[in-house]
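Student: Sequential numbering of the sequence shown, starting at 69, is according to the working numbering.
Ideal Cβ placement from N, Cα and C applies to all residues, glycine included.
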Amino acid sequence: MIFLTPRQAEILQYLTKTGEYARWKELALKFRVSERSIRNDSVCIRDYCREKGYLFERNSKKGIRIVARVDEADQISGEAVLSREERIYTILFELFWQPGFVTIEQLASKLEVSKNTAVSDIAGLEEMLKRYSFELYRKPNKGIKLLGEEHDIRNGFWHVYYEINQSPRKEWYLKPLRRIGEEYQVRRILCLAESSMGITYSDVSREEAEICLAFCLKRISLGFCIEGGDFQQEGPEERILKMLFPDRMQIGTPDLFYMGKILKSGKLLMDINHNDFENVELEYRLFAVTIIQECENELKVPLSKDEFLMKGLAVHLKIAMYRLRNQLVIDNPLMVDIQYRIPFIYEMVKKIIIKNQRNYQIVFPESEIAYLAAYIGAAFEKSMQGAFVPEVIVICGWGTGTSSLLKARLSLQFPEIKIKAVIGKNQLDFYDLEQVDLIISTIPLKEKKIKSVIVNPLLDLKDMQKIKDNIYQISYEKECRYLMRRLQDKKQEERETLAGFIGQDLLFFEEAAGKGWRQIIKKMGKHLECRGCISEQYTEDAIASVDEWGPYMVFIPGIAFVHAGPEHVRIPGAALTVLDQEIPFGEEGNTYVKCIVMFAVEDEGNRLLTDLVSILERGDNVRKLLEAEAADDLQMIY
Numbered sequence: 069m070i071f072l073t074p075r076q077a078e079i080l081q082y083l084t085k086t087g088e089y090a091r092w093k094e095l096a097l098k099f100r101v102s103e104r105s106i107r108n109d110s111v112c113i114r115d116y117c118r119e120k121g122y123l124f125e126r127n128s129k130k131g132i133r134i135v136a137r138v139d140e141a142d143q144i145s146g147e148a149v150l151s152r153e154e155r156i157y158t159i160l161f162e163l164f165w166q167p168g169f170v171t172i173e174q175l176a177s178k179l180e181v182s183k184n185t186a187v188s189d190i191a192g193l194e195e196m197l198k199r200y201s202f203e204l205y206r207k208p209n210k211g212i213k214l215l216g217e218e219h220d221i222r223n224g225f226w227h228v229y230y231e232i233n234q235s236p237r238k239e240w241y242l243k244p245l246r247r248i249g250e251e252y253q254v255r256r257i258l259c260l261a262e263s264s265m266g267i268t269y270s271d272v273s274r275e276e277a278e279i280c281l282a283f284c285l286k287r288i289s290l291g292f293c294i295e296g297g298d299f300q301q302e303g304p305e306e307r308i309l310k311m312l313f314p315d316r317m318q319i320g321t322p323d324l325f326y327m328g329k330i331l332k333s334g335k336l337l338m339d340i341n342h343n344d345f346e347n348v349e350l351e352y353r354l355f356a357v358t359i360i361q362e363c364e365n366e367l368k369v370p371l372s373k374d375e376f377l378m379k380g381l382a383v384h385l386k387i388a389m390y391r392l393r394n395q396l397v398i399d400n401p402l403m404v405d406i407q408y409r410i411p412f413i414y415e416m417v418k419k420i421i422i423k424n425q426r427n428y429q430i431v432f433p434e435s436e437i438a439y440l441a442a443y444i445g446a447a448f449e450k451s452m453q454g455a456f457v458p459e460v461i462v463i464c465g466w467g468t469g470t471s472s473l474l475k476a477r478l479s480l481q482f483p484e485i486k487i488k489a490v491i492g493k494n495q496l497d498f499y500d501l502e503q504v505d506l507i508i509s510t511i512p513l514k515e516k517k518i519k520s521v522i523v524n525p526l527l528d529l530k531d532m533q534k535i536k537d538n539i540y541q542i543s544y545e546k547e548c549r550y551l552m553r554r555l556q557d558k559k560q561e562e563r564e565t566l567a568g569f570i571g572q573d574l575l576f577f578e579e580a581a582g583k584g585w586r587q588i589i590k591k592m593g594k595h596l597e598c599r600g601c602i603s604e605q606y607t608e609d610a611i612a613s614v615d616e617w618g619p620y621m622v623f624i625p626g627i628a629f630v631h632a633g634p635e636h637v638r639i640p641g642a643a644l645t646v647l648d649q650e651i652p653f654g655e656e657g658n659t660y661v662k663c664i665v666m667f668a669v670e671d672e673g674n675r676l677l678t679d680l681v682s683i684l685e686r687g688d689n690v691r692k693l694l695e696a697e698a699a700d701d702l703q704m705i706y
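1. Quick check: the region 382-399 against the region 428-438, are at least 3 beta-carbon pairs closer than 8 angstroms?
2. Alpha carbons only, please: which of 283, 653, 159 and 169 is nearest the one belonging to residue 181?
3. I'd like to know whether the C-beta atoms of residue 638 and residue 601 end up nearer to each other than 7 angstroms.
4. Quick one: residues in its chain with C-beta nearer than 6 angstroms to the C-beta of residue 403, no 5 flanking neighbours on either side, listed in chain order?
5. Do residue 326 and residue 620 have their beta-carbon atoms positioned less than 7 angstroms apart in this structure?
6. Are there 16 or more other CB atoms within 10 angstroms of the CB of residue 86, so buried, or fewer, so exposed?
7. Taking only three categories from DSSP, how would you classify residue 124?
8. Identify every residue that forms a DSSP beta bridge with residue 506.
9. Among the residues of its own chain, which have a CB less than 7 angstroms from the CB of residue 377, if the five just before and after it don't count?
10. Measure the C-alpha to C-alpha separation of residue 356 and residue 115 and round it to an integer number of angstroms.
11. Quick one: grab the DSSP three-state call for residue 583.
12. Over the uninterrupted beta strand (DSSP E) stretch that includes residue 649, give me the two end residues.
13. Report the residue from 81, 636, 492 and 523 whose alpha carbon sits nearest the alpha carbon of residue 477.
14. Answer with buried or exposed for residue 191, where buried requires no fewer than 16 other C-beta atoms within 10 angstroms of its C-beta.
15. Give me the Cα-Cα distance between residue 202 and residue 387, rounded to the nearest whole angstrom.
16. Could you tell me whether the region 622-639 touches the region 567-584, where touching means 3 or more Cβ pairs closer than 8 angstroms?
17. Is the region 277-290 in contact with the region 202-211, if contact means three or more CB pairs nearer than 8 angstroms?
18. How would you label residue 232, buried or exposed, when you count the other beta carbons within 10 angstroms and need 16 or more for buried?
19. Identify the continuous alpha helix (DSSP H) that holds residue 256 and give its terminal residues.
20. Terminal residues of the continuous beta strand (DSSP E) containing residue 489?
21. Going by DSSP, which residues form a beta bridge with residue 206?
22. Going residue by residue through the region 342-396, where are the continuous beta strand (DSSP E) segments of at least 3 residues, counting only ones entirely within it?
23. Can you tell me where the alpha helix (DSSP H) holding residue 578 begins and where it ends?
24. Measuring straight from C-alpha to C-alpha, what distance separates residue 385 and residue 353?
25. Would you identify the three-state DSSP class for residue 715, choosing helix, strand or coil?
26. Less than 7 angstroms between C-beta atoms, sequence neighbours within five positions excluded: which residues of the same chain meet that for residue 103?
27. In three-state terms, what does DSSP make of residue 135?
28. To which residues of the same chain is residue 586 closer than 7 angstroms at the C-beta, ignoring the five residues directly before and after it?
29. Please name the residue, chosen from 174, 648 and 214, that lies closest to residue 198 on a Cα-to-Cα basis.
30. Which same chain residues, not among the five before or five after residue 28, have their C-beta less than 7 angstroms away from its C-beta?
31. Compute the Euclidean distance between the alpha carbons of residue 109 and residue 77, then round it to the nearest angstrom.
32. Rounding to the nearest angstrom, what Cα-Cα distance links residue 257 and residue 657 in this structure?
33. With DSSP as the reference, label residue 338 as helix, strand or coil.
34. Are the beta-carbon atoms of residue 133 and residue 89 separated by less than 7 angstroms?
35. Thinking just about the alpha-carbon of each residue, which of 151, 270, 473 and 682 is nearest to the one in residue 188?
36. Do residue 644 and residue 665 have their C-beta atoms within less than 7 angstroms of each other?
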């Protein structure tokens with residue numbers, strides 16, 4: 069019998085689900101391993117499919133795929149070997165569905181593992197449940213079951229739902245709930261709720277509500293009901309809720325109101341209408357005004373004039389604060405993207421929320437702060453439209469007619485750039501490049517101080533993509549520099565040197581020959597690890613972050629600021645490497661850097677980053693850094 073590793077099982081599930089060909093590179097990027105590892109995994113998956121009678125196809129040009137019917141796909145998902153984490157979640161879901169004790173023998177049989185493995189997995193589940201307000205209860209000769217208030221168990225399920233949301237086994241876990249949802253017509257309940265309660269769910273929110281309601285109904289059918297609560301005589305809300313849910317279940321008032329919370333806590337569609345805003349209480353409007361005004365003061369941008377921002381933020385706060393006050397989890401699948409793409413706005417909003425949240429006796433999680441930062445970020449970009457336009461000169465050696473055609477095509481295809489001049493190569497030495505962001509040229513150039521793109525005079529698709537990539541990167545860098553200057557700490561000690569801030573032994577000068585950004589990050593990671601700042605895993609996470617968000621880490625031209633999440637940070641720290649020449653940075657290799665900064669911060673935020681940026685932004689420190697020719701030159705930056 070052939071067994072699969074957890075990663076091979078995930079690849080198998082992915083190929084089964086898509087039914088399409090996948091190339092080695094695509095799979096390597098998705099599962100964050102080398103192409104060689106994917107090739108080796110594919111051999112095991114091929115043999116596994118042959119043993120089970122499934123069709124595995126390999127095409128030298130297209131890649132590999134698994135062809136399966138819907139019923140076979142479900143069977144494959146069920147047969148693939150579970151990782152320990154997946155087994156722990158499987159045990160938890162089994163306990164959710166059972167009205168009494170479950171024996172170790174029953175769990176071992178379901179998981180197709182030994183009793184010793186099942187016992188070890190149960191210990192892992194006990195450790196995992198420490199995050200929640202319920203626990204595992206063991207009874208000799210009986211087995212195990214969940215112990216806690218029903219309200220806490222349901223809230224815990226909400227957290228678990230978000231934890232498994234990105235898992236390839238999500239549907240496998242939730243299949244029983246899908247059946248419960250169909251049995252009790254949960255989708256019909258949601259449609260009735262929208263019409264009777266004035267709610268319009270987003271697609272994600274509808275899915276969330278459907279699953280959580282099905283879970284509640286399943287628990288109620290097993291006899292697990294919420295008890296207690298201070299409820300007065302029947303009001304209009306209870307009458308609406310009774311109308312929504314099946315009579316045959318005889319749902320009690322506490323359960324009705326709990327499911328009412330689920331219905332009312334759904335995220336709305338982004339189309340905020342007048343009635344949505346009119347129904348927002350003063351508390352949320354005032355909080356929205358406070359956030360907007362404080363952001364306005366920091367950014368020096370008239371955000372208060374943005375009506376959509378004001379209304380959208382108030383409506384969003386009403387729903388978010390309702391969820392937080394009722395201990396309903398807030399998930400944000402875009403949180404990490406937001407933290408990387410608009411880091412300065414995220415940190416500004418985080419500081420404002422932390423300062424004001426005590427007035428509402430709520431603690432906002434980072435997932436919710438990221439949502440609020442996205443609102444502010446969108447409004448900021450709309451307000452500053454045109455402020456970060458790249459200024460371009462065009463060099464063409466093909467005569468007046470071709471030059472005019474090239475300029476016309478550039479203006480048509482890229483209206484977001486400002487063409488300052490069209491000149492010949494011999495005029496470049498006499499042109500003031502101080503305010504130039506990009507040179508678009510039809511002939512090779514020796515000019516290295518300004519970004520340049522070599523194109524065909526008639527502009528083919530490849531040329532346009534190169535120009536587009538450069539325009540985006542330049543606009544992003546200009547926006548970040550604006551934000552850095554607005555938000556930097558004016559009270560920071562002006563005489564702090566770069567060596568004093570980072571540490572003299574964590575400043576490096578390297579020859580670029582034969583080195584890539586991965587090797588440089590690994591070397592700095594080793595030094596930070598020896599300092600006790602990070603664990604080895606932090607370096608791996610940082611490299612994975614560059615693979616996914618590389619260009620967003622270059623918000624000062626030529627300098628990459630690399631970091632990962634706080635999970636493997638022990639104490640804050642940073643290391644900096646300057647190279648003797650530029651190297652490609654990131655998975656695509658379209659961005660070039662001469663300096664890489666690796667830093668690690670804890671949950672308190674990127675204070676270390678903003679302080680470091682403040683040092684670099686003084687005077688001509690960026691130029692000094694990028695023109696350094698030896699390690700000693702780095703000691704002179706202050």
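Tutor: If we stick to the structure as given:
1. Yes: at least three Cβ pairs fall under 8 angstroms.
2. Measuring from the Cα of residue 181, the nearest candidate turns out to be 159.
3. Yes. Within cutoff.
4. Apart from the 5 residues on each side of it in sequence, residue 403 sits with its Cβ closer than 6 angstroms to the Cβ of 435 and 438 in its chain, given in chain order.
5. Going by beta carbons, residue 620 and residue 326 fall outside the 7 angstroms limit.
6. With fewer than 16 neighbouring CB atoms inside 10 Å of its own CB, residue 86 falls in the exposed class.
7. Strand at residue 124.
8. BP columns for residue 506 point to 460 and 519.
9. So the qualifying residues of the chain are 360, 371, 443 and 447.
10. The C-alpha of residue 356 lies about 58 angstroms from the C-alpha of residue 115.
11. In this structure, residue 583 counts as coil in the three-state DSSP scheme.
12. For residue 649, the uninterrupted beta strand (DSSP E) segment begins and ends at 641-653.
13. Comparing alpha-carbon positions, the option among 81, 636, 492 and 523 lying closest to residue 477 turns out to be 523.
14. So residue 191 ends up on the exposed side.
15. A direct Cα-to-Cα measurement between residue 202 and residue 387 gives close to 26 angstroms.
16. Output reads no: the region 567-584 does not touch the region 622-639.
17. The region 277-290 makes no contact with the region 202-211: fewer than 3 CB pairs, one atom from each, lie closer than 8 angstroms.
18. The residue in question, residue 232, is buried, as its Cβ has 16 or more Cβ neighbours within 10 Å.
19. Its alpha helix (DSSP H) spans residues 254-265.
20. Residue range 486-491 is occupied by the beta strand (DSSP E) that includes residue 489.
21. Paired residue(s): 212.
22. Here no run is fully enclosed.
23. Not the alpha helix (DSSP H): residue 578 falls in the beta strand (DSSP E), residues 575-578.
24. Straight through space, the alpha carbons of residue 353 and residue 385 are spaced by roughly 8 angstroms.
25. Outside the displayed span of the chain (69 to 706) sits residue 715, for which this structure offers no information.
26. Here the set comprises 92, 93 and 96.
27. In this structure, residue 135 counts as strand in the three-state DSSP scheme.
28. 611, listed in sequence order.
29. Of 174, 648 and 214, the residue nearest in Cα terms is 214.
30. Shown here, the chain extends from 69 to 706; a query on residue 28 therefore has no answer.
31. Separation of residue 109 and residue 77 (C-alpha to C-alpha, rounded to the nearest whole angstrom) is 10 angstroms.
32. Here the alpha carbons of residue 657 and residue 257 stand approximately 50 angstroms from one another.
33. Because the pLDDT at residue 338 is just 43, under 50, the model does not fix this residue reliably, and the value given afterwards should be weighed accordingly. In the three-state reduction of the DSSP assignment, residue 338 falls in the coil class.
34. Closer than 7 angstroms, so yes.
35. Nearest C-alpha to residue 188: 151.
36. Between residue 644 and residue 665, the C-beta spacing is below 7 angstroms.
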